[in-house]
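K.L.:
Please see the structure below; I have some questions.
Take a look at the structure:
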């Protein structure tokens, strides 16, 4: 049996919980809403071929993901950001799909940390 | 810790990151304000005046770079640390943050240890900057205050020093425009006798200290000069006045000179200034007049010596007065101008009239290339024949509208102790000059009083024969004898009887001087002698030309002078 | 500019040494040199051996010391002035107020 692979940096999560205290739930909630909004707009921009917009949204998403200790998610966002920057969105739909999948793991793990 | 807490503005459009950072900052004990874009950030900045600004670089409506630039423009040199929040990693983007006016940046993911270290560092800088700024403002306020006081002092200084005879045709001077600040002062007055008096002073300290000393100095100088006090009495009084007024440690190095155009003599007193140079043209000789006394205002004791020296001058001979500015003038190499250079110029074979300019030019050329070029006080006074001397100014006292007494008489008797030690002329003149309109005639009045009084004391009381004065030996002997007889006499007196009657046009002054002497065997002839030799030399005949009438009353110990004057014919 | 003062063993004589330019910038140091809480000397000596220049405010400071030391009864000696410094003292006739050696 293998250890379940975590999608979050546990040290970061521990620090966040320490600092946010009771507001940790609010943080997770905010992150979920921010992220859903970003994923939705990334879909539109990728579909519309708006490379600069892809770059900006992916950039912001990357920062937030990093702050929450979701390093794999941040890394995926960064590669999307790079595509936007190079104005080559050929592989973007696939990469966005990876981002969405990774996000579902991340948010599930975060919500599992919340009480009841 | 509460005292150290700061107000920190966080501007980030990412709700997650903003929420997170807010929690981080609060955990460190600071107050937070949040904004969701650049425009709101500016509004919050105006409203709450935060101590530190944390700015996301990429924001809707107005990005972080623009916000930073606008804040910098608005706050001027007030220190507001701006820290960029960024997930950027490329070096050029980070450089862009700093160029836009950022002081530092914080990369995502946030790290509470780094955040704490950065905020603490900026808090220390803010404190230091605040202290510096307070000190700078305090210095600026102090400086402004000082400038105001100096300006005030300068105005006082100029006002008290100004009413002098600075346009006299035998006077040239250069006073630094900074005179007030180096404490140099020049005063020039005319004695009732027509003698020209000049005082060059150099106060220790400057600004207000100099102005404070300048007031009593100038007022005493002009007041006493106008009343005809002797130079020695003026020096003594100036010293007493300054000693009384000035704090210990502030004093006035000064010299006073009196030019007598009639007898071509110079009286000079020097207390603490560099040697005066008296240039004798015909003999091509330079006589130095060194400081022989303590400066004015140092001591009231006998250590202060008010006695001036007496020097002979011929027409066109000149005396140079200076403060230490000339020989202390420093050239670009740091050498001082010194005494030798100055004396060498005066020894050069140039016309006497060119000496003043030559000195000034040499000093200015010497100081070329240094900052201090005109910090020099130099005064030149030339002996001229009496008729050639012109005051050059309209200092002739104004006709007074004020009414004084118009019909009065006074009797004044001096006994022996007073005759020996007291000069009554300033007092008498002081009373007479209170008569409206008579100030313009001060010279005449002074001459009449002084000749009549000298006549009464020397010939009447002391019984001396003025024919003694015809030879040089006799001249000296005459004064020695006078002193001796005055010492010996016990019961002598001189009486003044003065009557005055005036109206709107002018007035008539009758002065009778009577002495306790025996008088003369015969009433003297009063025509002007061709070459001296008559009983009174030139004294009484000279008076006859000034007065409506001059009468020697039998047996010769009473002389009556009647002097008329009119308003419109004021003598210059 | 450097000013320091030394007290004789019996505490009666205070010697103030002045090095460099003696001018207004020395004001505070000079005053602290003679206004000492730990001493009440009856004689003062100003050693100018190391003084290269003296301006009129220094003359003023000497007068302040003289006042502090008792005015006309003060016992203040000025020692070792250079030729230039001696000349400045002479022009102001300070030899009438101080013993200059």
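Chains as they are written, first to last, in the numbering used here: chain A, 1 to 116; chain B, 1001 to 1572; chain C, 2001 to 2101. In this text, a Cβ means the ideal position worked out from N, Cα and C, and glycines have one as well. Here the structure is a predicted model, which means the values were calculated and not measured.
May I ask you to verify whether the segment 1548-1564 of chain B touches the segment 1494-1514 of chain B, counting CB pairs closer than 8 Å and requiring at least 3?
P.N.:
The segment 1548-1564 of chain B vs the segment 1494-1514 of chain B: in contact.
K.L.:
How close, in whole Å, do the beta carbons of residue 1427 (chain B) and residue 1446 (chain B) come, if the pair is a contact with beta carbons under 8 Å?
P.N.:
With 8 Å as the limit, residue 1427 (chain B) and residue 1446 (chain B) do not qualify as a contact, their Cβ atoms being about 12 Å apart.
K.L.:
Using 8 Å as the Cβ pair cut-off and three pairs as the minimum, do the segment 44-56 of chain A and the segment 1027-1044 of chain B touch?
P.N.:
No: fewer than three Cβ pairs fall under 8 Å.
K.L.:
First and last residue of the alpha helix (DSSP H) that includes residue 1051 (chain B)?
P.N.:
Note, residue 1051 (chain B): premise wrong, no alpha helix (DSSP H); not H, not E.
K.L.:
So the candidates are C:2079, C:2028, C:2097; which of them puts its Cα closest to the Cα of residue 2073 (chain C)?
P.N.:
Comparing Cα-Cα distances from residue 2073 (chain C) to each of C:2079, C:2028, C:2097, the minimum goes to C:2097.
K.L.:
Using beta-carbon positions only, say whether residue 1281 (chain B) and residue 1352 (chain B) come within less than 9 Å of one another.
P.N.:
The answer is yes: Cβ separation under 9 Å.
K.L.:
Tell me which same chain residues have a C-beta within less than 6 Å of the C-beta of residue 27 (chain A), skipping the five on either side of it?
P.N.:
Only 20 meet the Cβ criterion.
K.L.:
Should residue 1139 (chain B) be labelled buried (16 or more other beta-carbon atoms within 10 Å of its own) or exposed?
P.N.:
Burial call: exposed.
K.L.:
Give me the chain A residues within the contact set of residue 1019 (chain B), using Cβ-Cβ distance strictly less than 9 Å, ordered along the chain.
P.N.:
Within 9 Å Cβ-Cβ: 20, 23, 26, 27, 30, 31.
K.L.:
For a contact meaning CB atoms closer than 7 Å, what does residue 1204 (chain B) contact in chain C?
P.N.:
Going along chain C in sequence order, the residues near residue 1204 (chain B) (Cβ under 7 Å) are 2056, 2057, 2059, 2060.
K.L.:
Taking 9 Å as the CB-CB cut-off, is residue 2093 (chain C) touching chain B?
P.N.:
Closer than 9 Å to some Cβ of chain B, the Cβ of residue 2093 (chain C) qualifies, so yes.
K.L.:
Against chain A, which members of the segment 1023-1057 of chain B pass a CB distance test of less than 8 Å?
P.N.:
So the close ones are 1023, 1024, 1027.
K.L.:
Output needed for residue 1070 (chain B): all residues of its chain with C-beta closer than 7 Å, excluding positions within five of it in sequence on either side, in chain order.
P.N.:
1042, listed in sequence order.
K.L.:
Going by the beta-carbon positions, is the gap between residue 2085 (chain C) and residue 2044 (chain C) smaller than 9 Å?
P.N.:
Not in contact: residue 2085 (chain C) and residue 2044 (chain C) (Cβ atoms no closer than 9 Å).
K.L.:
Determine the contact status of residue 1327 (chain B) and residue 1290 (chain B), defining contact as a CB-CB distance below 9 Å.
P.N.:
Contact flag unset, no.
K.L.:
Could you check if residue 1554 (chain B) is buried or exposed, using at least 16 other CB atoms within 10 Å of its CB as the buried criterion?
P.N.:
Flag for residue 1554 (chain B) reads exposed.
K.L.:
Within 10 angstroms of the Cβ of residue 1571 (chain B), are there 16 or more other Cβ atoms? Answer buried if so, exposed if not.
P.N.:
Because the pLDDT at residue 1571 (chain B) is just 39, under 50, the model does not fix this residue reliably, and the point stays unresolved.
K.L.:
What does the Cβ neighbour count give for residue 1195 (chain B), buried or exposed, with the cut at 16 atoms within 10 Å?
P.N.:
It is buried - the Cβ of residue 1195 (chain B) has at least 16 other Cβ atoms within 10 Å.
K.L.:
Using DSSP with H/G/I as helix, E/B as strand and the rest coil, what is residue 2043 (chain C)?
P.N.:
Residue state, collapsed to three classes: strand.
K.L.:
Helix, strand or coil: which one does DSSP assign to residue 1261 (chain B)?
P.N.:
Of the three classes helix, strand and coil, the one that applies to residue 1261 (chain B) here is coil, per DSSP.
K.L.:
Locate the alpha helix (DSSP H) running through residue 1233 (chain B), then write down its first and last residues.
P.N.:
Here the alpha helix (DSSP H) through residue 1233 (chain B) covers 1231-1245.
K.L.:
Less than 9 Å separating the beta-carbons of residue 2055 (chain C) and residue 2024 (chain C)?
P.N.:
Yes, these two residues count as a Cβ contact at 9 Å.
K.L.:
If you check the beta carbons only, do residue 1010 (chain B) and residue 1132 (chain B) fall under 9 Å apart?
P.N.:
Contact flag unset, no.
K.L.:
Give a yes or no on whether the minimum CB-CB distance between residue 94 (chain A) and chain B is below 9 Å.
P.N.:
Not closer than 9 Å to any Cβ of chain B, the Cβ of residue 94 (chain A) fails to qualify, so no.
K.L.:
Going by C-alpha to C-alpha distance, which of A:5, A:114, A:63 sits closest to residue 38 (chain A)?
P.N.:
Here the closest residue by C-alpha is A:63.
K.L.:
Consider the Cβ of residue 99 (chain A): report whether some Cβ of chain B lies at a distance smaller than 9 Å.
P.N.:
No, residue 99 (chain A) does not count as interfacial toward chain B.
K.L.:
Select from A:85, A:65, A:49 the residue whose C-alpha is nearest the C-alpha of residue 122 (chain A).
P.N.:
This structure cannot settle anything about residue 122 (chain A), because the visible part of chain A is limited to 1 through 116.
K.L.:
Could you name the residues of chain A that residue 1014 (chain B) contacts, counting a contact when the two beta carbons are closer than 8 Å?
P.N.:
The contacting residues are 34, 60, 63, 64.
K.L.:
Quick one: using the 10 Å Cβ neighbour count with 16 as the cut-off for buried, is residue 1565 (chain B) buried or exposed?
P.N.:
It is buried - the Cβ of residue 1565 (chain B) has at least 16 other Cβ atoms within 10 Å.
K.L.:
May I ask which residues mark the beginning and end of the beta strand (DSSP E) holding residue 1197 (chain B)?
P.N.:
Taken as a continuous stretch (DSSP letters only), the beta strand (DSSP E) holding residue 1197 (chain B) covers 1196-1203.
K.L.:
Mind checking whether residue 1051 (chain B) and residue 1083 (chain B) have CB atoms under 9 Å apart?
P.N.:
Going by C-beta atoms, residue 1051 (chain B) is not nearer than 9 Å to residue 1083 (chain B).
K.L.:
In the structure shown, what three-state DSSP assignment does residue 1443 (chain B) receive?
P.N.:
Three-state result, residue 1443 (chain B): helix.
K.L.:
Along the segment 1553-1568 of chain B, where does the CB come closer than 9 Å to a CB of chain C? Name the residues.
P.N.:
Residues: none.
K.L.:
Can you give me the C-alpha to C-alpha distance between residue 9 (chain A) and residue 1064 (chain B), rounded to a whole angstrom?
P.N.:
Computed Cα separation, rounded: 29 Å.
K.L.:
Taking 9 Å as the threshold (C-beta atoms), are residue 1224 (chain B) and residue 1244 (chain B) in contact?
P.N.:
It is not a contact, given that the beta carbons lie outside the stated cut-off.
K.L.:
Report, in whole angstroms, the separation of the C-beta atoms of residue 33 (chain A) and residue 24 (chain A), which I expect to be a contact under 8 Å.
P.N.:
Actually they are not in contact, since the Cβ atoms of residue 33 (chain A) and residue 24 (chain A) sit about 15 Å apart, beyond 8 Å.
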